[in-house]
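*Asks:* Starting off with a structure, shown below.
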Amino acid sequence: PWTINKKEDMQRLVDWGVDGIITDYPDRAKSLGLGVKIPYQER
């Protein structure tokens with residue numbers, strides 16, 4: 070349940086505002102624009 074490998078699941082999590090995604094397919098995440106510019110939010 071921790072590894073997200075489907076692009077549609079990755080997009081859903083991004084839409085929910087998750088802080089990070091663990092995947093076996095970083096190329097899929099990159100194709101969604103993930104990992105490019107993630108703003109730092111101070112807590």
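Going by my numbering, the sequence shown opens with residue 70, and the numbers climb by one from there.
All C-beta atoms, glycine included, are put in the ideal place defined by N, C-alpha and C.
Here the structure is a predicted model, which means the values were calculated and not measured.
(1) For D96, which option in P70, Q110, R112, K76 has the closest C-alpha, if you only look at C-alpha atoms?
(2) For I91, list the residues DSSP reports as bridge partners.
(3) Is the CB-CB distance between L101 and V83 below 8 angstroms?
(4) Quick check on this structure: which residue in G89, D93, A98, I73 has the alpha carbon closest to the alpha carbon of Q110?
*Replies:* Walking through what the data contain:
(1) As a first step, residue 96 must be located in the sequence shown, where it is residue number 27. Answer by Cα proximity: K76.
(2) Mapped onto the sequence shown, residue 91 falls at position 22. DSSP, once it has assigned bridges, lists T72 as partnering I91.
(3) Here residue 101 refers to the residue found at position 32 of the sequence shown. Here residue 83 refers to the residue found at position 14 of the sequence shown. Cβ atoms of L101 and V83: closer than 8 angstroms.
(4) As a working mapping, residue 110 is identified with position 41 in the sequence shown. Per the Cα distances, G89.
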